[in-house]
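Asks:
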Amino acid sequence: MRNLTCFLLIFWCWSDCKAFVPGIRRACDRKPFASFADLENREKVQEGVEIAGESLKSIEEYNEALSIVLDNTDRTKREKVWAQVQQLWLQVQENELQPNLDTYRNMIKACGHTGYTGIVTTLVEQAKDQGIDIGVKFYTSAIDAHAQSKGRSDKVWSDIQKVWALMEEHGVEPDTATYNVMLKACGRHKRPEAQDVWAQMKDEGVQPDVLSFTNMIKACRATGKGAEVPRLLEEMKERGIALGLV
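Positions -19 to -1, 1 to 227 (mature numbering (1 follows the signal peptide of the UniProt record, and there is no 0)) are the ones given, in order, by the sequence shown.
1) Under 8 Å, with one C-beta from each stretch per pair, do the stretch 165 to 183 and the stretch 198 to 211 reach the 3-pair mark?
2) Within a Cβ cutoff of 6 Å, which residues of the same chain sit near L47, ignoring the five residues on either side of it in sequence?
3) Please state whether DSSP places Y97 in a helix, a strand or coil.
4) What does the Cβ neighbour count give for P189, buried or exposed, with the cut at 16 atoms within 10 Å?
5) So is P211 buried or exposed if we call it buried at 16+ other beta carbons inside 10 Å?
6) What three-state label does DSSP hand E185 in the structure shown?
7) Candidates D125, Q129, A91 and D55: which alpha carbon is nearest V66's?
8) Alpha carbons only, please: which of V73, G93 and I40 is nearest the one belonging to R59?
9) From this set, C167, P155 and A208, which residue's C-alpha is nearest K183's C-alpha?
10) Rank D140, A128, Q79 and Y97 by C-alpha distance to the C-alpha of Q111 and give the top, closest one.
11) Taking the straight line between their C-alpha atoms, what separation do you get for L51 and L82?
12) Alpha helix (DSSP H) containing Q142: first to last residue?
13) In three-state terms, what does DSSP make of S48?
14) To the nearest angstrom, how far is the alpha carbon of E215 from that of K118?
15) G168 by DSSP, collapsed to three states: which one?
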């Protein structure tokens, strides 16, 4: 690593903090480090090295810093990325910055990116309680984040159902993309509820696209419903959706 013009601080680990709950400052053995002095230096940020400098001055700077962290798509480094995410979020709390829509979007993306999805539902609730206008794309992202979890199937599905219930409570109608991530979750976590999701999609008049069929076929195969696949392929043909894309 090339020489830095300022001293480097070693990242504080996830285990150093008793718990991480957004919106609540947690007592940790170490205080959050100073924020990134050079947001343009993506390499330093992504390597897990922080440059000592002034604290974040605005929520926009935080959002930019988090976007840089999330540019690291290496899933083998998810613990390092999650530590960075936590560090940044704690800086937001320390500096009493007000999260905005982009903040919550980035946080939910971070949860899905790293697989640490335990706070996704809380983030949705916080954004809504804060009066932020969150629409179907926001809820879809939250469901998709849960779908990327490697946790127990029943726990993942329970978390997804909580987000779905919040969406209904807030009067937000699911669209094709929402059903697509629901079906993806069913396939990934071998949930038999795929049949119910598919039926509800049809009942609500939401039109499936190629991804809908792809995810449904994968869900059928994952849950022992392979006999349904020929019927789905035939329906795709009737709708003029290219079979070669499945």
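The beta carbon of each residue, even a glycine, is placed where N, CA and C say it ideally should be. Given the structure is predicted, the values throughout are model-derived calculations rather than measurements.
Replies: Considering the structure as presented:
1) yes
2) On the sequence shown, position 66 is the one that residue 47 refers to. Here the set comprises L69 and N87.
3) Counting from 1 along the sequence shown, the entry for residue 97 is found at position 116. Coil at Y97, not helix or strand.
4) For the purposes of this step, residue 189 is taken as residue 208 along the sequence shown, with counting starting at 1. Label assigned to P189: buried.
5) By 1-based counting over the sequence shown, the position of residue 211 is 230. P211 is exposed by the Cβ-count criterion.
6) For this step, residue 185 is matched to residue 204 along the sequence shown. In this structure, E185 counts as coil in the three-state DSSP scheme.
7) Mapped onto the sequence shown, residue 66 falls at position 85. Cα-wise, what sits closest to V66 is A91.
8) Working through the sequence shown from its first residue, we reach residue 59 at position 78. Nearest option by C-alpha distance: G93.
9) Here residue 183 corresponds to residue number 202 of the sequence shown, with the count starting at 1. Among C167, P155 and A208, the Cα nearest to that of K183 belongs to P155.
10) Position 130 of the sequence shown, counting from 1, holds the residue named residue 111. Out of D140, A128, Q79 and Y97, Q79 has the C-alpha closest to the C-alpha of Q111.
11) Along the sequence shown, one-based indexing puts residue 51 at 70. Along the sequence shown, one-based indexing puts residue 82 at 101. Approximately 17 Å, taken between the alpha carbons.
12) In the sequence shown, residue 142 corresponds to position 161, counting from 1. Element bounds for Q142: S134 to E150.
13) As a working note, residue 48 is residue 67 in the sequence shown. S48 falls in the helix class under three-state DSSP.
14) One-based indexing of the sequence shown puts residue 215 at position 234. One-based indexing of the sequence shown puts residue 118 at position 137. One C-alpha to the other measures close to 30 Å.
15) The count along the sequence shown starts at 1 and reaches residue 168 at position 187. Three-state DSSP puts G168 in a helix.
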